[in-house]
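**Q** This is the structure I want to talk about, given as structure tokens.
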Amino acid sequence: MKLIECEKGSTYQVKQVLVAEAIGRRLEALGVNEKTPVTILNKKGSGSIIIKIRGTRLALGKKIAEGIEVEEAVYHG
Numbered sequence: 021m022k023l024i025e026c027e028k029g030s031t032y033q034v035k036q037v038l039v040a041e042a043i044g045r046r047l048e049a050l051g052v053n054e055k056t057p058v059t060i061l062n063k064k065g066s067g068s069i070i071i072k073i074r075g076t077r078l079a080l081g082k083k084i085a086e087g088i089e090v091e092e093a094v095y096h097g
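Under our numbering, read the sequence shown as residues 21 to 97, first letter to last.
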């Protein structure tokens, strides 16, 4: 599923980042990498989304959020 489709308050795991190369490199530098947990903090009506990843809050626009594929987070207790 795409990050934009996720529910507020839920935690997911980054599966794949499918955005322009320059944006992908920047996201990688910010910690948006495969298998990294991401929590949805807020969703705006405009399609932008606020996430928490590696202890940092990030705001992403609709186009970027549509290019990030996630899956349900699996925790090994």
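We put the CB at the ideal spot given by N, CA and C, even for glycine.
Per DSSP, what kind of secondary structure is residue 80 in: helix, strand or coil?
**A** Looking at residue 80 - three-state DSSP - the assignment turns out to be strand.
**Q** Return the chain-ordered ranges of every alpha helix (DSSP H) run that is complete within the stretch 40 to 94 and spans a minimum of 4 residues.
**A** Fully enclosed alpha helix (DSSP H) runs of 4 or longer: 41 to 49 and 82 to 86.
**Q** In chain order, what residues of the same chain lie with their CB nearer than 8 Å to the CB of residue 84, ignoring the 5 residues before and after it?
**A** For residue 84, where only same-chain residues beyond five positions count, the Cβ hits under 8 Å are 39, 43 and 47.
**Q** For the beta strand (DSSP E) that residue 35 lies in, which residues bound it at each end?
**A** 31 to 37 is the span of the beta strand (DSSP E), which, as asked, contains residue 35.
**Q** Given residue 89, which residues of its chain have a CB within under 8 Å of its CB, disregarding the five upstream and five downstream residues?
**A** Closer than 8 Å at Cβ, skipping near neighbours: 21, 22, 23, 34, 35, 36, 37 and 38.
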